[in-house]
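Residues in the sequence shown are numbered consecutively from 0, following numbering that gives the first Met the number 0. The beta-carbon is built from N, C-alpha and C at its ideal position, and this holds for glycine as well. A quick write-up on the structure given underneath.
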Amino acid sequence: MGSSKTDNVVSIKSRQVSCKDCRLRKFCLAADLNVKELGMFEGITQHRRSLERGARVFHIGDRFNTLYTVRTGSLKTYTLTPDGREKIIGFYLPGDLIGLDAMGSGIHGSSAEVLETTTLCAIPFNRMSSIQSKSLQQRLLNLASEQIQTRDRHITLLGKERADQRLASFLVHLADRFKALGYSAKQFNLSMSRADIGNYLNLAIETVSRVFAKLRSSGLINVDRRQLRINNLEKLRCLAAAEIPKDIRIIWPGTNLNRHSQY
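Okay, structure coming up:
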């Protein structure tokens, strides 16, 4: 995800940086390693070439042997429904670790697909045991716990009845993620398609497009193709939390004219 229009928006340009100098280190497995441990960690880590949009990092049913940290770009993970349809279960940004959910079974239960030009750091799982580090073990547990919490938040998100709340929550989450990475929280590219967003939020693509249009008409956001600008993050956050700003009022199609849906 990135933009050339704003200096402080994520760039997808890959730079060959050692683990000790990588600005994403605090997000990845190497966050708390000492100098010796970091040298060993870098010795087993493979910096993969750029992958283009649509490339698969792993497939459902593949044997698990590698963890991946997103260095630049973004990915989605998905499972398949009984009738073979794709169901997106997560989006991953720079610093995120992919593959953790397969550690227990040894088999990937999901597929990971690149959403834009992306580079990864590949960490062979069987070689991690050679690094005698309690910090590494604890960091692995912490990241696994964070991903469980993310899944729980997603379940809560899908429990929101209104489509505008779901989309607002999704956009606020992305804004917070970009801010944590040191980028703009108010202007960024959506590397995922409207169809992907709808799939993730359990909304029809037509509903996603309609809600984007409503958020734009309300003045909360501007959107140009996949370039998104959040004009009022706090009001968008209020909408996500169902604390609806009183100064914005929109009648949704099909809504009783005496009952306004506000945001």
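Assigned secondary structure, residue i (DSSP; H/G/I helix, E/B strand, else coil)
i, result
"K213", "helix"
"G253", "In this predicted model, G253 has a pLDDT of only 38, less than 50, meaning its place in the structure is not dependable; the value taken from the coordinates is given anyway. The answer is coil: DSSP assigns G253 none of H, G, I, E or B."
"Y199", "helix"
"T78", "strand"
"F187", "strand"
"N33", "coil"
"S17", "coil"
"A111", "strand"
"Q131", "coil"
"L219", "coil"
"R47", "coil"
"R152", "helix"
"K178", "helix"
"K86", "strand"
"R126", "helix"
"E142", "What sits at residue 142 in the sequence shown is Leu, not Glu. Three-state result, L142: helix."
Residue i versus residue j - alpha carbon distance
i, j, result
"G72", "R228", "19 Å"
"V69", "L119", "5 Å"
"E160", "I196", "16 Å"
"D175", "D100", "24 Å"
"Q186", "L157", "25 Å"
"N64", "I43", "13 Å"
"A212", "H107", "37 Å"
"G103", "A143", "11 Å"
"R236", "G60", "38 Å"
"N201", "S208", "13 Å"
"N141", "T149", "12 Å"
"A239", "Y77", "24 Å"
"L232", "N188", "16 Å"
"R138", "I97", "14 Å"
"S3", "Q226", "With a pLDDT of only 37 at S3, under 50, the local geometry of the prediction cannot be trusted, and no value is derived from it."
"H46", "A121", "6 Å"
Sheet register partners of residue i (DSSP bridge)
i, result
"T118", "T71"
"L96", "T68"
"Y287", "Outside the displayed span of the chain (0 to 262) sits residue 287, for which this structure offers no information."
"R55", "E112"
"E233", "In DSSP, E233 forms no bridge with anything."
Burial state of residue i (16 or more Cβ within 10 Å)
i, result
"D272", "Since the first and last residues shown for the chain are 0 and 262, residue 272 lies out of range."
"S17", "exposed"
"Q136", "exposed"
"K25", "exposed"
"I147", "exposed"
"S109", "buried"
"D163", "buried"
"N221", "exposed"
"S132", "buried"
"K75", "buried"
"K234", "buried"
"T117", "buried"
"L79", "exposed"
"E145", "exposed"
"S190", "buried"
Closer than 8 Å to chain D by CB, residue i
i, result
"L119", "Considering every chain present, this structure includes no chain D. It has just one protein chain."
Would you call the stretch 83–96 in contact with the stretch 166–180, where contact means no fewer than 3 C-beta pairs closer than 8 Å? As far as the Cβ criterion goes, the stretch 83–96 touches the stretch 166–180, which means the pair count is three or higher.
For the pair the stretch 45–63 and the stretch 21–35, tell me if three or more CB-CB distances fall below 8 Å. Taking a cut-off of 8 Å for Cβ pairs, the stretch 45–63 and the stretch 21–35 do not touch, as fewer than three such pairs fall below it.
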